[in-house]
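Enquirer: Just so we're aligned, residue 366 is where the sequence shown starts under the working numbering, counting upward by one.
By construction, the Cβ of each residue, glycine as well, lies at the ideal position given by its N, Cα and C atoms.
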Amino acid sequence: MTQSFQKVHALTGMKDVLPDASAPWEQLEQTVRTWLASYGYRNMRTPVLEYTRLFARGIGEVTDIVEKEMYSFTDALSDEALTMRPEFTAGMVRATIEHNMLYDRAHRVYAMGPVFRREKPQRGRYRQFHQIDVEALGFAGPDIDAELIVMLNRLWAILGLPDIRLELNSLGQADERAAHRSALIQYLEQHRDVLDGEATRRMHTNPLRVLDSKNPAMQDMANNAPPLFDFLGEASRAHFDGVCHRLDDAGIAYRMNPRLVRGLDYYNLTVFEWVTDRLGAQGTVCGGGRYDGLIDLLGGKPAPAVGFAIGMERLLDLCDQAGESSAQAECQVYMIHQSDDAQRRACRVAEQLRDEGLRVIVHAGSGSFKSQFKRADASGAAVAVILGADELSSGTASIKWLRAQSLETRVQQETIPLERLVTELKLKV
Ligand code: ATP
Ligand code: MG
Numbered sequence: 366m367t368q369s370f371q372k373v374h375a376l377t378g379m380k381d382v383l384p385d386a387s388a389p390w391e392q393l394e395q396t397v398r399t400w401l402a403s404y405g406y407r408n409m410r411t412p413v414l415e416y417t418r419l420f421a422r423g424i425g426e427v428t429d430i431v432e433k434e435m436y437s438f439t440d441a442l443s444d445e446a447l448t449m450r451p452e453f454t455a456g457m458v459r460a461t462i463e464h465n466m467l468y469d470r471a472h473r474v475y476a477m478g479p480v481f482r483r484e485k486p487q488r489g490r491y492r493q494f495h496q497i498d499v500e501a502l503g504f505a506g507p508d509i510d511a512e513l514i515v516m517l518n519r520l521w522a523i524l525g526l527p528d529i530r531l532e533l534n535s536l537g538q539a540d541e542r543a544a545h546r547s548a549l550i551q552y553l554e555q556h557r558d559v560l561d562g563e564a565t566r567r568m569h570t571n572p573l574r575v576l577d578s579k580n581p582a583m584q585d586m587a588n589n590a591p592p593l594f595d596f597l598g599e600a601s602r603a604h605f606d607g608v609c610h611r612l613d614d615a616g617i618a619y620r621m622n623p624r625l626v627r628g629l630d631y632y633n634l635t636v637f638e639w640v641t642d643r644l645g646a647q648g649t650v651c652g653g654g655r656y657d658g659l660i661d662l663l664g665g666k667p668a669p670a671v672g673f674a675i676g677m678e679r680l681l682d683l684c685d686q687a688g689e690s691s692a693q694a695e696c697q698v699y700m701i702h703q704s705d706d707a708q709r710r711a712c713r714v715a716e717q718l719r720d721e722g723l724r725v726i727v728h729a730g731s732g733s734f735k736s737q738f739k740r741a742d743a744s745g746a747a748v749a750v751i752l753g754a755d756e757l758s759s760g761t762a763s764i765k766w767l768r769a770q771s772l773e774t775r776v777q778q779e780t781i782p783l784e785r786l787v788t789e790l791k792l793k794v
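1) Tell me residue 727's beta-bridge partners as DSSP assigns them.
2) Which residues does DSSP list as the beta-bridge partners of residue 414?
3) Among all residues, which have a Cβ less than 6 Å from at least one non-hydrogen atom of the ligand ATP, and in what chain order do they fall?
4) Are residue 655 and residue 622 closer than 8 Å when you measure CB to CB?
5) Within 10 Å of its beta-carbon, does residue 554 have 16 or more other beta-carbons around it, so buried, or fewer, so exposed?
6) Does residue 468 pass the burial test, meaning 16 or more other C-beta atoms within 10 Å, or should it be called exposed?
7) For residue 557, count neighbouring Cβ atoms within 10 angstroms of its own Cβ and tell me buried if that reaches 16, exposed if not.
8) Can we count residue 577 as close to the ligand MG, meaning its CB is less than 7 Å from some heavy atom?
9) What residue ranges within the segment 646-695 form continuous beta strand (DSSP E) runs of no fewer than 3 residues, ordered along the chain?
10) Provide the residue span of the alpha helix (DSSP H) that contains residue 626, from first to last.
11) Could you tell me whether the segment 727-742 touches the segment 675-694, where touching means 3 or more Cβ pairs closer than 8 Å?
12) Whose CA, out of 639, 552, 492, lies closest to the CA of residue 483?
13) Beta-carbon within less than 8 Å of residue 567's beta-carbon, same chain only, minus the 5 sequence neighbours each way: which residues are those?
14) Mapping DSSP to helix, strand and coil, what is residue 765?
15) Does the distance between the C-beta of residue 595 and the nearest non-hydrogen atom of the ligand MG fall short of 7 Å?
16) Count Cβ pairs between the segment 371-379 and the segment 665-683 that sit closer than 8 Å; are there 3 or more?
17) For the ligand MG, is there any heavy atom lying closer than 7 Å to the beta carbon of residue 498?
18) Assuming contact is defined by CB atoms lying nearer than 8 Å, are residue 762 and residue 792 in contact in what I supplied?
19) DSSP on residue 705, reduced to helix/strand/coil?
20) Based on the DSSP output, what are the partners of residue 477 in its beta bridges?
21) Hey, quick one: how far does the alpha helix (DSSP H) through residue 375 stretch, first residue to last?
22) With H, G and I counted as helix, E and B as strand and the rest as coil, what does DSSP make of residue 420?
23) In the DSSP assignment, find the unbroken beta strand (DSSP E) run with residue 782 in it and report its ends.
24) For residue 505, collect the residues of the same chain with a Cβ closer than 8 Å to its Cβ; drop the 5 residues on either side in sequence, then sort them by chain order.
25) What is the rounded straight-line gap between the Cα of residue 521 and the Cα of residue 416?
26) Report the option in 788, 636, 523, 727 whose CA atom is closest to the CA atom of residue 395.
27) Within the same chain, show all residues whose beta-carbon is closer than 7 Å to that of residue 462, passing over the 5 residues directly before and after it, in chain order.
28) For residue 381, is the beta carbon positioned less than 7 Å from some heavy atom of the ligand MG?
29) Taking only the alpha-carbon atoms, compute the straight-line gap between residue 406 and residue 585 and give it to the nearest angstrom.
30) Identify which residue in 481, 436, 446, 454 has its Cα closest to the Cα of residue 380.
31) Please classify residue 641 as buried or exposed, where buried requires at least 16 neighbouring CB atoms within 10 angstroms.
32) Using 8 Å as the cut-off, can you tell me whether the segment 596-603 makes contact with the segment 389-403, which would need three or more C-beta pairs spanning the two stretches below that distance?
33) For residue 558, is the beta carbon positioned less than 7 Å from some heavy atom of the ligand MG?
34) Is the distance from the Cβ of residue 620 to the Cβ of residue 530 below 8 Å?
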């Protein structure tokens with residue numbers, strides 16, 4: 366006797382994508398690969414699991430991600446602290462250093478896949494979600510920052526997405542941020558009375574992040590804080606202008622947002638986000654920026670870099686609003702048969718059809734014609750091929766067109782010699 370077993374369900378905030386819903390995912394992944402290849406970006410894959418210290422160092426101790434969102438555990442075997450990647454950049458940079466990729470040239474790379482953060486699940490915010498992550502490693506100039514933004518603008522156009530706005534800021538360099546930081550801490554000290562608990566706690570560790578707070582009671586204070594941009598020197602301003610000129614050349618509109626600081630510690634110079642009003646509270650579709658100090662920070666030979674990450678769930682939500690996304694049919698041709706011999710012949714013919722690039726299902730097991738037709742119809746196939754006793758003895762196959770659009774130009778059902786079947790379907794499906 367089997368023991369009773371309590372049913373298992375998926376973890377909170379982690380979603381199944383069922384077959385009827387997976388077509389938009391696959392289409393998006395395909396579109397993204399073609400789009401990235403057209404700019405010379407190549408795929409790179411890094412492990413889901415990394416040492417915790419990589420993220421602590423690479424993302425920054427005083428960030429939402431490292432402070433409270435990581436899925437970390439101690440490996441029972443090695444006693445080492447490990448973490449499920451909460452983003453791609455740290456792992457991509459680790460791999461770049463480990464394999465000495467930048468010794469003779471810069472690299473345009475991307476990755477796509479799941480990342481993990483322990484957040485409160487809601488629309489557009491999950492605990493396992495997916496990112497398209499793009500990194501330009503070893504490039505210093507504003508030309509590449511602009512290239513990334515122009516690329517993104519093209520992706521929105523390819524996907525037919527209107528209403529995604531670009532917000533832009535510059536975080537300058539470390540010394541400029543340090544000067545600003547002192548001024549900002551002084552300012553925050555003067556406004557202690559309006560700071561909430563988190564802000565007070567972070568005031569001295571990560572004051573820039575205090576301005577990023579969504580607490581309505583702190584908005585006035587944040588709006589009037591000394592902007593970092595005022596502390597930028599000539600070189601930082603020239604870099605920023607270089608980006609802006611290229612965006613103007615490409616006809617891309619942007620809003621300068623002095624409050625845009627991004628959640629991660631390692632950014633410098635250009636930072637940007639693409640936002641929309643169509644996704645409710647979680648309106649940021651893509652965030653990115655320059656991180657010239659990270660490779661050095663993680664033990665590599667200093668090299669500049671810039672990148673971005675797109676949230677795929679949010680992007681798909683937008684695509685879903687923009688157009689009809691229909692589930693992909695299981696197959697184009699559904700093969701119906703009666704008797705063991707007929708099924709074996711059906712399997713052989715199906716292989717020939719697949720040789721011609723058609724998607725084919727051979728009915729599994731047996732069943733009445735009626736029940737097999739029902740399955741054929743539900744599969745979404747354009748055509749059913751029938752191999753019954755008559756067809757088997759006369760060396761023929763019957764074809765029945767199942768969809769309205771395929772019926773207009775064709776006889777609904779006909780019987781043809783078996784050797785003509787492949788040519789016939791290749792031509793008409
Ligand atoms: P947010 O401010 O929304 O928390 P973030 O600054 O933490 O975003 P990034 O680390 O920049 O986000 O990640 C890049 C993109 O990944 C975001 O712009 C968003 O589209 C998506 N994203 C971030 N967190 C989640 C999540 N928990 N669920 C789904 N998508 C997410
Ligand atoms: Mg976040």
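Expert: With the structure as the only source:
1) According to DSSP, residue 727 bridges with 700.
2) Its beta-bridge partners are 449.
3) 452, 482, 484, 489, 490, 491, 494, 496, 628, 647, 649, 650, 651, 652, 674, 676, 678, 679
4) no
5) exposed
6) exposed
7) Taking all protein chains shown into account, residue 557 has fewer than 16 neighbouring C-beta atoms within 10 Å of its C-beta and is therefore exposed.
8) no
9) 649-655, 670-676
10) Annotation for residue 626: no alpha helix (DSSP H) segment contains it, and DSSP assigns it neither H nor E.
11) no
12) 492
13) Cβ within range, chain order: 427, 574, 575.
14) strand
15) no
16) Too few Cβ pairs lie closer than 8 Å, so no.
17) no
18) Going by C-beta atoms, residue 762 is not nearer than 8 Å to residue 792.
19) When DSSP states are grouped into helix, strand and coil, residue 705 belongs to the helix group.
20) Its beta-bridge partners are 497.
21) Looking at the DSSP string, residue 375 is not in any alpha helix (DSSP H), and its letter there is neither H nor E.
22) Helix at residue 420.
23) 778-782
24) Within the same chain, Cβ atoms closer than 8 Å to the Cβ of residue 505 are found at 657, 669, the five residues on either side in sequence being excluded.
25) 35 Å
26) 523
27) 660, 663, 664, 665
28) no
29) The alpha-carbon atoms of residue 406 and residue 585 are separated by roughly 42 Å.
30) 481
31) buried
32) no
33) no
34) yes
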